[in-house]
Amino acid sequence: EIMLMEEGDTPYTVAGGDTLGKISRRAYGATKYWNVICSANELANCNLIHIGDELMLPSHADAMAKMDMMMMGEKDDMMMSDKDDSMMSDKDDKMMSDKDDKMMSDKDDKMMSDKDDMMKDDSMMMGDIMLMEDGDTPYTVAAGDTLGAIAKRAYGNVNYYKAICSANEIDNCNLIDIGDELLLPTQAEAEEMMDSMMMDDGMDSMDKKDDM
102 EIMLMEEGDT PYTVAGGDTL GKISRRAYGA TKYWNVICSA NELANCNLIH
152 IGDELMLPSH ADAMAKMDMM MMGEKDDMMM SDKDDSMMSD KDDKMMSDKD
202 DKMMSDKDDK MMSDKDDMMK DDSMMMGDIM LMEDGDTPYT VAAGDTLGAI
252 AKRAYGNVNY YKAICSANEI DNCNLIDIGD ELLLPTQAEA EEMMDSMMMD
302 DGMDSMDKKD DM
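This note's numbering puts the first residue of the sequence shown at 102, with every later residue one more than the last.
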């Protein structure tokens with residue numbers, strides 16, 4: 102366990118195998134405080150930390166207070182979003198639709214990345230992705246990311262890129278852009294999706310054999 106100071110921040114040096122979730126569990130007894138550590142240290146990508154990074158861990162009381170503030174903020178954002186949605190006019194709906202269409206068109210026009218990049222060694226992308234136990238985990242695509250690299254960091258297997266691609270209804274699994282917002286299924290859900298895909302592939306193979 103990590104011994105926290107009663108007042109003020111406790112310095113901590115990132116070690117091999119660390120993630121914010123693991124550090125949170127050792128310091129506060131629960132993984133959910135990872136976003137407090139991320140916020141306190143103003144990290145650009147909460148999913149990416151490096152061996153030797155110096156982090157400041159808030160006291161237990163400060164972490165709990167910060168978590169309460171975050172939860173209140175998310176609740177307020179949801180209430181404001183629902184209110185704004187209800188007041189949106191047909192004209193605004195059309196403008197949003199046109200904007201989405203243009204973004205999709207621009208994305209489709211970009212060059213496909215090399216499929217082999219999906220299988221390349223991602224040892225430079227240090228830090229595992231901490232998946233939530235229930236529900237999807239949000240993830241923002243960073244420079245150098247591929248679905249395969251993300252799958253290996255989240256599930257330990259590059260082949261699970263198929264589950265991420267399916268869950269996010271991506272038209273081209275080889276093409277993702279920096280800043281894209283993805284939702285990563287839980288480990289159990291991803292395994293079920295992979296099993297289902299393998300069964301479908303098996304059925305297709307049998308159908309082709311019967312046709313012959």
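Each residue gets a CB set at the ideal place from its N, CA and C atoms; glycine is no exception.
The Cβ-Cβ distance between Ala255 and Ile230 falls below 9 Å. When the five nearest sequence neighbours on each side are left out, the beta carbons in the same chain lying within less than 7 Å of the beta carbon of Glu102 are those of Arg127, in order along the chain. Counting the other Cβ atoms within 10 Å of the Cβ of Leu284 gives fewer than 16, which makes it exposed.
Asn269 has its alpha-carbon roughly 14 Å from the corresponding atom of Gly280. Taken atom to atom, the span from the alpha-carbon of Lys253 to that of Ala145 is near 21 Å. Closest in C-alpha terms to Thr120, from the list Lys133, Ala166 and Leu276, comes Lys133. At the C-beta level, Tyr261 and Met295 come within 9 Å of one another.
Checking the DSSP bridge columns, you'll see Met157 partnered with Pro112.
Taking C-beta separations shorter than 8 Å and ignoring five residues to either side along the sequence, the partners of Ser140 in its chain run Lys167 and Met171, following chain order.
Between Leu149 and Ala243, the CB-CB gap stays under 9 Å. In the structure shown, Glu234 falls within a coil segment according to DSSP collapsed to helix, strand and coil.
It is roughly 15 Å from the alpha-carbon of Ile271 to the alpha-carbon of Asp246.
For Leu248, the enclosing alpha helix (DSSP H) has its first and last residue at Leu248 to Tyr256.
For Leu284, the pairing in a beta bridge is given by DSSP as Pro239. Rounded to whole angstroms, Gly303 and Glu292 show a C-alpha spacing of 17 Å. Apart from the 5 residues on each side of it in sequence, Met106 sits with its Cβ closer than 7 Å to the Cβ of Ser160 in its chain, given in chain order.
Residue environment: Ile152 is assigned as exposed (fewer than 16 neighbouring CB atoms within 10 Å of its CB, all protein chains considered).
Rounded to whole angstroms, Asn273 and Pro112 show a C-alpha spacing of 43 Å. When only Cα atoms are considered, Asp237 and Gln288 end up about 10 Å apart. With a threshold of 16 other beta carbon atoms within 10 Å, Gly109 falls short and is exposed.
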